[in-house]
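In the UniProt record's numbering, the protein residues as written are 1 to 176. C-beta atoms are modelled at their ideal positions from N, C-alpha and C, and glycine is treated no differently. What follows is one structure encoded as C-alpha coordinates, with my remarks underneath.
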(Lines of atoms letter the chains of each structure in order from A and count residues from 1; the text may use other names and numbers.)
(Lines give C-alpha, C1' and ligand atoms only; values in the text may rest on other atoms or scores of the structure.)
Protein backbone atom coordinates (compact mmCIF):
# COMPACT_ATOMS: atom_id res chain seq x y z
CA UNK A 1 0.00 0.00 0.00
CA UNK A 2 1.21 3.39 -0.85
CA UNK A 3 1.66 5.99 1.70
CA UNK A 4 0.21 9.39 1.34
CA UNK A 5 3.59 11.03 0.94
CA UNK A 6 4.58 8.67 -1.85
CA UNK A 7 1.33 9.41 -3.69
CA UNK A 8 2.00 13.10 -3.35
CA UNK A 9 5.57 12.65 -4.50
CA UNK A 10 4.41 10.65 -7.48
CA UNK A 11 1.79 13.24 -8.34
CA UNK A 12 4.41 16.02 -8.08
CA UNK A 13 6.80 14.00 -10.22
CA UNK A 14 4.17 13.47 -12.92
CA UNK A 15 3.23 17.15 -12.94
CA UNK A 16 6.88 18.18 -13.21
CA UNK A 17 7.38 15.67 -16.01
CA UNK A 18 4.41 17.09 -17.94
CA UNK A 19 5.77 20.61 -17.46
CA UNK A 20 9.16 19.57 -18.80
CA UNK A 21 7.56 17.84 -21.78
CA UNK A 22 5.46 20.93 -22.52
CA UNK A 23 8.52 23.18 -22.29
CA UNK A 24 10.47 20.87 -24.61
CA UNK A 25 7.69 20.81 -27.16
CA UNK A 26 7.42 24.61 -27.00
CA UNK A 27 11.17 24.89 -27.49
CA UNK A 28 11.04 22.53 -30.48
CA UNK A 29 8.21 24.54 -31.98
CA UNK A 30 10.20 27.71 -31.40
CA UNK A 31 13.23 26.16 -33.12
CA UNK A 32 11.05 25.09 -36.05
CA UNK A 33 9.67 28.61 -36.27
CA UNK A 34 13.20 30.04 -36.17
CA UNK A 35 14.29 27.69 -38.99
CA UNK A 36 11.25 28.72 -41.03
CA UNK A 37 12.01 32.37 -40.42
CA UNK A 38 15.64 31.87 -41.44
CA UNK A 39 14.69 30.06 -44.64
CA UNK A 40 12.09 32.73 -45.45
CA UNK A 41 14.65 35.46 -44.83
CA UNK A 42 17.24 33.65 -46.97
CA UNK A 43 14.80 33.25 -49.83
CA UNK A 44 13.79 36.92 -49.54
CA UNK A 45 17.48 37.94 -49.53
CA UNK A 46 18.19 35.81 -52.59
CA UNK A 47 15.17 37.24 -54.39
CA UNK A 48 16.27 40.79 -53.55
CA UNK A 49 19.83 40.01 -54.67
CA UNK A 50 18.54 38.61 -57.95
CA UNK A 51 16.39 41.69 -58.51
CA UNK A 52 19.36 43.95 -57.76
CA UNK A 53 21.49 42.06 -60.26
CA UNK A 54 18.81 42.30 -62.92
CA UNK A 55 18.44 46.03 -62.34
CA UNK A 56 22.16 46.78 -62.23
CA UNK A 57 23.27 44.39 -65.00
CA UNK A 58 20.52 44.11 -67.58
CA UNK A 59 20.99 41.09 -69.82
CA UNK A 60 19.51 42.20 -73.11
CA UNK A 61 21.87 40.14 -75.30
CA UNK A 62 20.65 36.74 -76.29
CA UNK A 63 22.70 33.55 -76.49
CA UNK A 64 22.91 33.89 -80.29
CA UNK A 65 24.47 37.32 -79.99
CA UNK A 66 27.04 36.03 -77.51
CA UNK A 67 27.91 33.14 -79.84
CA UNK A 68 28.30 35.53 -82.78
CA UNK A 69 30.60 37.74 -80.73
CA UNK A 70 32.66 34.70 -79.75
CA UNK A 71 32.92 33.57 -83.39
CA UNK A 72 33.98 37.09 -84.40
CA UNK A 73 36.69 37.09 -81.72
CA UNK A 74 37.99 33.70 -82.87
CA UNK A 75 38.10 34.86 -86.49
CA UNK A 76 39.92 38.02 -85.45
CA UNK A 77 42.45 36.04 -83.40
CA UNK A 78 43.10 33.62 -86.28
CA UNK A 79 43.50 36.53 -88.71
CA UNK A 80 46.07 38.22 -86.45
CA UNK A 81 47.93 34.94 -86.05
CA UNK A 82 48.15 34.38 -89.80
CA UNK A 83 49.32 37.97 -90.33
CA UNK A 84 52.01 37.57 -87.67
CA UNK A 85 53.19 34.31 -89.29
CA UNK A 86 53.49 36.10 -92.64
CA UNK A 87 55.46 38.93 -91.03
CA UNK A 88 57.78 36.49 -89.25
CA UNK A 89 58.47 34.67 -92.52
CA UNK A 90 59.18 37.99 -94.21
CA UNK A 91 61.60 38.94 -91.43
CA UNK A 92 63.32 35.55 -91.66
CA UNK A 93 63.87 35.86 -95.41
CA UNK A 94 65.23 39.38 -94.89
CA UNK A 95 67.64 38.12 -92.23
CA UNK A 96 68.78 35.28 -94.48
CA UNK A 97 69.39 37.66 -97.37
CA UNK A 98 71.38 39.98 -95.12
CA UNK A 99 73.41 37.06 -93.75
CA UNK A 100 74.10 35.72 -97.25
CA UNK A 101 75.28 39.13 -98.44
CA UNK A 102 77.46 39.60 -95.35
CA UNK A 103 78.89 36.05 -95.39
CA UNK A 104 79.21 34.74 -98.95
CA UNK A 105 79.51 31.01 -99.59
CA UNK A 106 82.94 29.47 -99.22
CA UNK A 107 84.51 27.19 -101.81
CA UNK A 108 85.78 23.73 -100.87
CA UNK A 109 89.56 23.75 -100.37
CA UNK A 110 89.64 27.45 -99.46
CA UNK A 111 91.67 28.59 -96.44
CA UNK A 112 89.74 30.09 -93.52
CA UNK A 113 90.52 31.50 -90.07
CA UNK A 114 88.62 30.01 -87.13
CA UNK A 115 88.52 32.09 -83.95
CA UNK A 116 89.59 30.30 -80.75
CA UNK A 117 87.41 31.18 -77.74
CA UNK A 118 89.24 33.15 -75.03
CA UNK A 119 88.45 30.48 -72.45
CA UNK A 120 90.26 27.80 -74.45
CA UNK A 121 93.24 29.99 -75.33
CA UNK A 122 96.36 30.56 -73.28
CA UNK A 123 97.94 33.98 -72.78
CA UNK A 124 100.44 33.50 -75.62
CA UNK A 125 98.30 31.27 -77.86
CA UNK A 126 97.15 32.57 -81.25
CA UNK A 127 93.68 34.05 -81.60
CA UNK A 128 92.88 32.16 -84.81
CA UNK A 129 93.61 28.79 -86.36
CA UNK A 130 94.19 28.43 -90.09
CA UNK A 131 91.98 25.69 -91.54
CA UNK A 132 90.83 24.30 -94.88
CA UNK A 133 87.19 23.70 -95.90
CA UNK A 134 86.67 19.97 -96.62
CA UNK A 135 83.00 19.98 -97.57
CA UNK A 136 79.72 21.82 -97.09
CA UNK A 137 76.43 20.24 -95.94
CA UNK A 138 73.22 22.32 -95.64
CA UNK A 139 75.08 25.58 -95.02
CA UNK A 140 77.46 24.03 -92.47
CA UNK A 141 81.15 23.51 -93.21
CA UNK A 142 83.55 20.73 -92.16
CA UNK A 143 87.00 22.19 -91.47
CA UNK A 144 90.44 20.70 -90.95
CA UNK A 145 93.74 22.13 -89.73
CA UNK A 146 95.93 19.45 -88.14
CA UNK A 147 93.04 16.96 -88.29
CA UNK A 148 89.32 17.13 -88.98
CA UNK A 149 87.55 19.35 -86.44
CA UNK A 150 84.57 17.56 -84.82
CA UNK A 151 82.18 20.46 -85.11
CA UNK A 152 80.43 21.64 -88.26
CA UNK A 153 80.82 25.40 -88.59
CA UNK A 154 78.31 27.97 -89.81
CA UNK A 155 79.55 30.59 -92.25
CA UNK A 156 79.41 33.27 -89.54
CA UNK A 157 81.87 31.36 -87.30
CA UNK A 158 84.95 31.79 -89.51
CA UNK A 159 86.57 34.32 -91.85
CA UNK A 160 88.01 33.83 -95.31
CA UNK A 161 91.79 33.90 -95.38
CA UNK A 162 93.58 35.98 -97.97
CA UNK A 163 96.48 33.53 -98.10
CA UNK A 164 96.33 30.07 -99.65
CA UNK A 165 99.08 28.39 -97.65
CA UNK A 166 97.22 25.15 -96.86
CA UNK A 167 95.85 22.71 -99.38
CA UNK A 168 93.31 20.02 -98.52
CA UNK A 169 95.86 17.38 -99.56
CA UNK A 170 98.42 18.78 -97.08
CA UNK A 171 96.26 18.29 -93.97
CA UNK A 172 95.31 14.98 -92.36
CA UNK A 173 91.65 13.96 -92.50
CA UNK A 174 91.50 12.00 -89.23
CA UNK A 175 88.91 13.21 -86.71
CA UNK A 176 90.23 14.36 -83.37
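Residues that DSSP places opposite residue i in a beta bridge
i	result
residue 160	112
Euclidean distance between Cα positions of residue i and residue j
i	j	result
residue 103	residue 112	13 Å
residue 71	residue 63	12 Å
residue 95	residue 101	10 Å
residue 146	residue 134	13 Å
residue 31	residue 77	59 Å
residue 161	residue 167	13 Å
residue 29	residue 48	28 Å
residue 152	residue 66	56 Å
residue 139	residue 124	33 Å
residue 117	residue 127	8 Å
residue 25	residue 15	15 Å
residue 69	residue 84	23 Å
residue 92	residue 86	10 Å
residue 35	residue 42	10 Å
Any chain D beta carbon closer than 8 Å to residue i
i	result
residue 139	Absent from the structure: chain D. Only one protein chain is present.
Nonlocal neighbours in the same chain, by C-beta distance under 6 Å from residue i, ignoring five residues either side
i	result
residue 106	133
residue 11	none
residue 114	129, 131, 158
residue 156	103
residue 141	133, 153
**Message:** Going residue by residue through the region 80–158, where are the continuous beta strand (DSSP E) segments of at least 3 residues, counting only ones entirely within it?
**Reply:** 111–115, 128–137, 140–144, 148–154
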